[in-house]
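Quick note: the sequence shown, position 224, residue 1052 per my numbering, numbers continuous.
Heads up, the beta-carbon is just placed ideally off N, CA and C, and yes, glycines get one too.
This report concerns only the one structure given below.
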Amino acid sequence: MVELFYRSYSSVYVHYIPIKGYESCGATGTVVDQTVKLSHRIRSDAERVQSARAGAWMRFDTKQLSVLISSAFKHLASGRDEPFDFSQCRERLSIPNSTEEHFSRILGHCLRGKMEEKFEKMGMVMASSLLRHAIHEEKSASVFNKEIRALCDRAVSKFLDDNAQCAYVNPSNGRRCVNTKSGHAQGHQDQTGACLSLGFFISSSFDSQSFLAIVEKSIGELMNKIDSAPSLSRLDWQRRAAEAHRENLKKLRELNGFPWKKSSYTQNDFGRDASVCYACFFGRPEYRLPCGHAICVTCLEDFDSDQIMDKKLYPGVFTHSRCIICDATGAAWPYRTHVKPRLAGVRVLSLDGGGVRGVVELVVLRELEKKTGLGIPLGRFFDFIIGTSAGGIISLGIGIQDRTADDCLSRFHEFTRAGFTKKWLNKTRLFRPVGRLLRSSIYSTPELEGALQNAFRPSPAQDVFGLRNPCRVAVTTTANRGLMLIANYNRGNDKRYLHSDDLAIWKA
């Protein structure tokens, strides 16, 4: 009986509360004492469970929980035989808050499936990533110091706890346990969830120390290789470290440990995650490449094709002939953009709301565009554009979609005509008071959404996030009764920003 309980529960606790007035046990004082003890027990168990969930990245807010439940029902409706992969869904929902968590997640993505084959190549990729970071931080003398080593040790240990499968194999049928160390409460289970045997997690031959040894060895070999070239400047160090990192990524990609456009293995395209730059593992991605992956400004500069081919003509202008993450190339390439000089000021455009009166702002902007006389869209003259209400719609058009003010003006007229269609009871003055009582709004939502999609054609489904041109754009909105911002740039972990990684521009 005990074993049966422990297959489904981590612990069993029996608490007795007597019926009030039942002989000597039912005294009022006894009932109250037992009730208070039960309350304390429930509270302590709840805190323990919440702490365990937080440690396993399984503590969700209401928004994340709704997405999780939606994914579970979609899996159920699909009719597939395999069980719902909770851990994979959890990875999409949780956002790492530290370098340690970033490293752990990256290891989980890259080493998923055939971990033994990818272990060494992943160590080489991590080594070149750490070296690149140290060079940019001007700490090349201490690439793998005590702090970095401890950070990597914690990250690898967390990865092994959350991702490495148990090494148990059932001797009777040869089926292997698929549970990880953090998810081994039910004992040994196969991929269908069937119990193979009771028992604790069994570690494989891989551990954090063997991985750290590969990283340390690779860093030493890479530094010796770079040092062998005579009289290198810091820029040469950066370039050679970037070339080595590109080569290491290529080797890992060939083992399906990294996204690759040439491969049919499409399930591992994790590089679209905007929480960290997957080209360097440290930076905040902002620049959206034609293939959909995003990289940080450091990788934008280091993997510049013109610099590699010694064809650099204009400082601050960077060209990428292929994606550093997935190696994609083709008709949409090369990707070219420029970065604001470090000592230059910030050119800001702020656009207020006002509903249909936003047309006044567009007329002024159109005149400014004409005064320049260069035929260049006005948004390219600003580093940052922010707008609210109608000003936000204009900001998205001239900032993200790089439209001219004249084009935005004609689209704005069309949007106001088609988008604000009154509902049936609100169309006549006689029934308007009744309509306002019976309807939640005056205007029709489907017509408004259709007008917005038409205004941002031909790509209304384009994501807000990602700098396709150098202009950073933010629009104001409200959520949970507070002011929030939706932006196309990386806002870090600032809670005042709504995540726009998969938010269509017309919805913003």
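Rounded C-alpha distance that separates residue i from residue j
| i | j | result |
| --- | --- | --- |
| Ser1328 | Asn1297 | 17 Å |
| Gln1290 | Ala1070 | 31 Å |
| Gly1021 | Phe1029 | 16 Å |
| Lys1199 | Phe1209 | 13 Å |
| Val1292 | Ser872 | 43 Å |
| Tyr1325 | Ala1218 | 19 Å |
| Lys1053 | Val1191 | 60 Å |
| Ser985 | Leu1026 | 24 Å |
| Ala1072 | Ala1041 | 19 Å |
| Asn1308 | Lys1323 | 12 Å |
| Gly936 | Lys1335 | 32 Å |
| Ile1213 | Gly1220 | 9 Å |
| Gln878 | Cys1236 | 50 Å |
| Ala905 | Ser898 | 11 Å |
| Asp1130 | Leu1193 | 36 Å |
| Glu831 | Thr1008 | 21 Å |
| Cys938 | His1166 | 31 Å |
| Ala874 | Thr1216 | 42 Å |
| Thr1147 | Phe912 | 42 Å |
| Ser1091 | Gly1173 | Its pLDDT being 47, under 50, Ser1091 is placed unreliably by the model, and nothing is read from it. |
| Ile1222 | Ile934 | 38 Å |
Proximity test, Cβ basis, 9 Å: residue i and chain D
| i | result |
| --- | --- |
| Thr858 | Looking at the structure shown, chain D is missing, and only one protein chain is on hand. |
Candidates the options: closest to residue i by CA position
| i | options | result |
| --- | --- | --- |
| Glu1082 | Lys946, Ala1233, Val1303 | Lys946 |
| His964 | Pro1274, Arg1245, Arg1062 | Arg1062 |
| Leu959 | Gln1066, Pro1143, Asn1318, Leu1202 | Gln1066 |
| Leu1128 | Thr1306, Ile847, His937, Arg1074 | Arg1074 |
| Glu1044 | Cys980, Gly1002, Arg876 | Cys980 |
| Phe987 | Lys1079, Ser906, Phe1039 | Phe1039 |
| Phe1243 | Asp1230, Leu1193, Gly1183 | Gly1183 |
| Arg869 | His843, Val860, Leu1313, Ile1214 | His843 |
| Lys1078 | Asn1316, Arg1309, Met952, Ser867 | Met952 |
| Ile976 | Lys949, Met954, Ser1287 | Met954 |
| Arg1245 | Asp1230, Lys974, Leu1280 | Leu1280 |
| Ser1031 | Gly1173, Gly1002, Asp990 | Asp990 |
| Ala1332 | Phe1284, Pro846, Pro911 | Phe1284 |
| Asp1132 | Phe912, Leu1171, Arg1164 | Arg1164 |
Environment of residue i [buried if 16+ CB atoms lie within 10 Å]
| i | result |
| --- | --- |
| Thr1094 | Any answer about Thr1094 is weak, because its pLDDT of 43 lies below 50 and its placement is not dependable; what the coordinates show is given next. The residue in question, Thr1094, is exposed, as its Cβ has fewer than 16 Cβ neighbours within 10 Å. |
| Ser838 | exposed |
| Ala796 | For residue 796 there is no data in the structure shown, the boundaries of the chain being 829 and 1336. |
| Ser1046 | buried |
| Pro999 | exposed |
| Ser1287 | exposed |
| Phe901 | exposed |
| Val1303 | buried |
| Leu1080 | buried |
| Ala1315 | buried |
| Leu893 | exposed |
| Tyr841 | exposed |
| His1238 | Before going further, note that residue 1238 is Ser rather than His in the sequence given. Flag for Ser1238 reads exposed. |
| Phe833 | exposed |
Nearest-angstrom beta carbon gap, residue j and residue i [assumed within contact, 8 Å]
| i | j | result |
| --- | --- | --- |
| Thr1232 | Glu1197 | 6 Å |
| Cys1119 | Arg1112 | Not a contact, Cβ separation roughly 19 Å. |
| Val971 | Ala962 | 4 Å |
| Phe931 | Phe1098 | The Cβ separation is near 14 Å, so there is no contact. |
Kindly confirm or deny that the region 1014-1026 and the region 984-1000 touch, where touching means at least three C-beta pairs closer than 8 Å. yes
Could you say if the region 1271-1281 and the region 1298-1305 meet the contact criterion of at least three C-beta pairs nearer than 8 Å? no
Inter-stretch contact (C-beta, 8 Å, three-pair minimum) for the region 1169-1180 and the region 1214-1234: yes
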